[in-house]
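Take the sequence shown: its position 162, counting from 1, is numbered 1069 in the working numbering, and each next residue is one higher. Below is one structure; the comments refer to it alone.
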Amino acid sequence: MRILGIDPGLQVCGYACLEVGQDKEKLIEAGIIRTDGGSALQEKLNRIAEDIESLLKNFKPDTVAVEELYAHYAHPRTAILMGHARGVILQKCAEAGIEVRSFSATHIKKSITGNGRASKGQIQRTIQTMLSLPKLPEPSDVADAIAAAVCCSNSISIVTKF
908 MRILGIDPGL
918 QVCGYACLEV
928 GQDKEKLIEA
938 GIIRTDGGSA
948 LQEKLNRIAE
958 DIESLLKNFK
968 PDTVAVEELY
978 AHYAHPRTAI
988 LMGHARGVIL
998 QKCAEAGIEV
1008 RSFSATHIKK
1018 SITGNGRASK
1028 GQIQRTIQTM
1038 LSLPKLPEPS
1048 DVADAIAAAV
1058 CCSNSISIVT
1068 KF
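Below, the structure is given as structure tokens:
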């Protein structure tokens, strides 16, 4: 089974393709989609849409795991802008007929480290250890995308065991 994890962002969007087998997870590829900071919103969204479509065609995931939005009361505009990027990602998955599973950041962190308030560094170190990576997954957007994919794998494993 292949899971594509995505950490949605307007400037930097992390992605990771994870192959899940018998009690083993293998990282196929991880990286970022970066948009031009000076571009108009619609150009950024179009770039994200094109790149997500390419990732879906290239990796042919069975499921896409996407981090849910978090809206801090002091920064509502950030959540609105992030919602645009997340919407484009969900639309491309729907267009491709691929199941999407959404997870809150705290759920992902708890699934990976056992602590829903884990730091980005803790997530990176745990992912590095879990997948036997030679170095820390960087930037943190990549680690977050890998974590979303692993969290999805964990939730699927729990369901299939019962």
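Virtual Cβ for every residue (Gly too), placed ideally from N, Cα, C.
Give the range of the alpha helix (DSSP H) segment to which G1028 is assigned.
1027-1037
From K1042 to R1032, what does the alpha carbon distance come to, in whole angstroms?
-> 9 Å
- Message: Bridge partners for T970 per DSSP, in chain order?
- Response: I910, E1006
Under the three-state DSSP convention, the category G916 falls into: If DSSP states are grouped into helix, strand and coil, G916 belongs with coil.
**Q.** Bounding residues of the beta strand (DSSP E) (the contiguous stretch that carries K1017)
**A.** Where K1017 is concerned, there is no enclosing beta strand (DSSP E), although the alpha helix (DSSP H) it sits in stretches over 1012-1020.
### Message
Looking at the secondary structure, which residues open and close the beta strand (DSSP E) in which R1024 lies?
### Response
Boundaries cannot be given for R1024, as no beta strand (DSSP E) includes it and DSSP labels it neither H nor E.
Task: Extent of the continuous beta strand (DSSP E) run through G938 - done: Annotation for G938: the continuous beta strand (DSSP E) segment containing it runs 931-941.
Own chain partners of A978 with C-beta closer than 7 Å, once the 5 adjacent residues on each side are dropped:
A986
* Alpha carbon to alpha carbon, what distance is there between D930 and S946? -> 43 Å
- Task: Please look up how many angstroms separate the CB atoms of N1061 and S1009, rounded, as I've assumed it's under 8 Å.
- Result: Not a contact, Cβ separation roughly 15 Å.
(request) Mind checking who E926 pairs with in its DSSP beta bridge? (result) Paired residue(s): R909, K933.
Practice prompt. Please look up how many angstroms separate the CB atoms of I955 and A992, rounded, as I've assumed it's under 8 Å.
Written response: Confirmed, Cβ separation roughly 6 Å.
### Query
So, using beta-carbon positions, are G1059 and A972 closer together than 8 Å?
Note that residue 1059 is Cys in the sequence shown, not Gly. Yes, the pair counts as a contact, with Cβ atoms nearer than the cut-off.
Q. Looking only at its own chain, which residues have a Cβ that is under 6 Å from the Cβ of D914, when we skip the five neighbours before and after it?
A. G921, E974, D1048, D1051, A1052
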